[in-house]
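Working notes, structure below.
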Amino acid sequence: MDFLNYQFKKLPLPLNLQYHMSNIQRIGLMTSGGDSPGMNAAIRAIVRTAIYEGLQPFGIYRGYQGMIEGQIKALQTTDVSNSIHRGGTILKTARSKEFMTEEGMKKAYEQLKKHDIDALVMIGGDGTFRGAVEFFKRFDIPAIGLPGTIDNDLNGTDFTIGFDTAVNTAIQAIDKIRDTADSHDRVFIVEVMGRDAGYIALYSGIACGAEHIFIPEKAESLDMIIDHIQDDQLRKKLTNIIVVAEGDEFGGAQELSRLLLAKIPGLETRVTILGHVQRGGAPTCNDRLLSSRLGYAAVQALLAGKKNEMAGLINGEICFTPFNHCVKTRKPFPDDMMQIVHVLTK
Ligand code: F6P
Numbered sequence: 003m004d005f006l007n008y009q010f011k012k013l014p015l016p017l018n019l020q021y022h023m024s025n026i027q028r029i030g031l032m033t034s035g036g037d038s039p040g041m042n043a044a045i046r047a048i049v050r051t052a053i054y055e056g057l058q059p060f061g062i063y064r065g066y067q068g069m070i071e072g073q074i075k076a077l078q079t080t081d082v083s084n085s086i087h088r089g090g091t092i093l094k095t096a097r098s099k100e101f102m103t104e105e106g107m108k109k110a111y112e113q114l115k116k117h118d119i120d121a122l123v124m125i126g127g128d129g130t131f132r133g134a135v136e137f138f139k140r141f142d143i144p145a146i147g148l149p150g151t152i153d154n155d156l157n158g159t160d161f162t163i164g165f166d167t168a169v170n171t172a173i174q175a176i177d178k179i180r181d182t183a184d185s186h187d188r189v190f191i192v193e194v195m196g197r198d199a200g201y202i203a204l205y206s207g208i209a210c211g212a213e214h215i216f217i218p219e220k221a222e223s224l225d226m227i228i229d230h231i232q233d234d235q236l237r238k239k240l241t242n243i244i245v246v247a248e249g250d251e252f253g254g255a256q257e258l259s260r261l262l263l264a265k266i267p268g269l270e271t272r273v274t275i276l277g278h279v280q281r282g283g284a285p286t287c288n289d290r291l292l293s294s295r296l297g298y299a300a301v302q303a304l305l306a307g308k309k310n311e312m313a314g315l316i317n318g319e320i321c322f323t324p325f326n327h328c329v330k331t332r333k334p335f336p337d338d339m340m341q342i343v344h345v346l347t348k
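The opening position of the sequence shown corresponds to residue 3 in this note's numbering, with each subsequent residue numbered one higher.
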C-alpha cells in the first residue's frame, strides 16, 4: 500500500456509520502538555473504538506543536498493541508556545484540513484545555477532550488520568523515607509535584500519615507549624514528615527547610524532591480503567454530535463539561480532607 497517499485519501463510508448518522470519518488524536501515566491506555481505547466504529484514527505527534507542523499519521489497531501498561505517551507530547499565537493556530487548522481530519480527541491538562478554548473560538471542528494530567486540577472530573499512579508513586517513596526518618528521629520535607495544585501533596500526605501538608490552595501559618514541631519535640515525637507541593506559598521544600531551621534551633531536617519520577511508570488499575472508559466515551460522544467538551468521571459516571468550564475556575479543593491531617497524626 502507498502509505502517504493512503493517509490523505478519504475512506469510503463504512457500513456502521450509517447507524450513527455522523459525517465524521477521520479522527485526529493527540496528547499535550505534561505526560501522565494512562495516556497510552486512553490512546489505545480511542484508536480501537474508532476502528470498531469504522472510523480512521490519526495520531497527531507532539501535541499542538506537532499539529502545527503536520506530524500526523494514520494509526492501525496494532500501533497500540502492548501499550496499555506503559507510562509516557506513544504519541509524544510538548508544550507549544507557538500554538498560543494567531499564526500558530491558523497553521494548525490548515494542517487538520490538509489531512481531512473531521474531529479531534485531545488528552491533556490545564494548558491543553486553555489552548483548546482559544482554538475552537476561531475554528469549527468537533473535539472532545480527556483529562490527562497528574495534577488532578481540572473541573469536570473527580480524577484525571495519571493522578492515581502519581500519588501511588509518591506514597511508595514517602513510606521508604519514613523508615529512615524514624530511624534517625529526623524531620523530612518531601516535595511532590504540583505547581498550582496540591492534590498529589494532599492525597499522598494523608495516605502516608504526614504530620504537615503544604499546598498552593491553602495558606498555612508557619508559626503554627513551628509550634506543632516544638510541641512534638517536647513529647519526644521526633520524626516528622512534611509533604509540600512544589508550588506552595513558601516556595517548595528547600525554602521551607531553610525557614524552619532559622526558627527552631537544633532541628535536623532533610529534603527530598521527588520530581519527574512521579510522571512515569506503569499506570495503576484505576488509571487504566479511567483511560479506557473515557477513551471509549470520547469517540461515542463525537459520533453522537457532541463537541468542545471534556469527558470526565463524576461520582463514577461519565460526564461532559464544556472546555471553558474545565479551566475557568480553580477546581474546588476538598478542605475537609485538610482538616483531618492534624487530628490523625496527633
Ligand atoms: O504535568 C503537570 C506537571 O507535572 C506539574 O505538576 C509540574 O509542575 C509540571 O508539570 C512540570 O512541568 P515540566 O515537566 O514541563 O517541567
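In this text, a Cβ means the ideal position worked out from N, Cα and C, and glycines have one as well.
query                                                                                                                                                      : result
Buried or exposed: where does P267 fall if 16 or more other Cβ atoms within 10 Å of its Cβ makes it buried?                                                : exposed
Can G207 be considered in contact with the ligand F6P, in the sense that its beta carbon sits closer than 7 Å to one or more heavy atoms?                  : no
Give the DSSP-derived three-state secondary structure of F131 in the structure shown.                                                                      : helix
If you measure between the beta carbons of A203 and F216, is that distance less than 8 Å?                                                                  : yes
Which residues does DSSP pair with E1 in a beta bridge?                                                                                                    : The first residue shown for the chain is 3 and the last is 348, placing residue 1 beyond what the model contains.
Below 7 Å, is the gap between the Cβ of T151 and the nearest heavy atom of the ligand F6P?                                                                 : yes
Would you kindly work out how many angstroms separate the C-alpha atoms of I179 and T347, rounded to a whole number?                                       : 17 Å
I need the boundaries of the alpha helix (DSSP H) containing T151, first residue and last residue.                                                         : Taken as a continuous stretch (DSSP letters only), T151 belongs to no alpha helix (DSSP H), as it is neither H nor E.
So for R188, helix, strand or coil by DSSP?                                                                                                                : coil
Would you mind working out which of S293, A134, T331 and G158 sits nearest A43, comparing C-alpha positions?                                               : S293
Using a threshold of 7 Å, is the CB atom of M195 nearer than that to any non-hydrogen atom of the ligand F6P?                                              : yes
Please name the residue, chosen from V246, F138 and N84, that lies closest to F101 on a Cα-to-Cα basis.                                                    : F138
Tell me which residues share the same chain as G133 and place their Cβ nearer than 7 Å to its Cβ, disregarding the 5 neighbours each side in the sequence. : Y66, F101 and M102
Among A303, G164 and Q174, which residue has its Cα nearest to the Cα of Y1?                                                                               : Any property of residue 1 remains undetermined from this structure, which presents the chain solely from 3 to 348.
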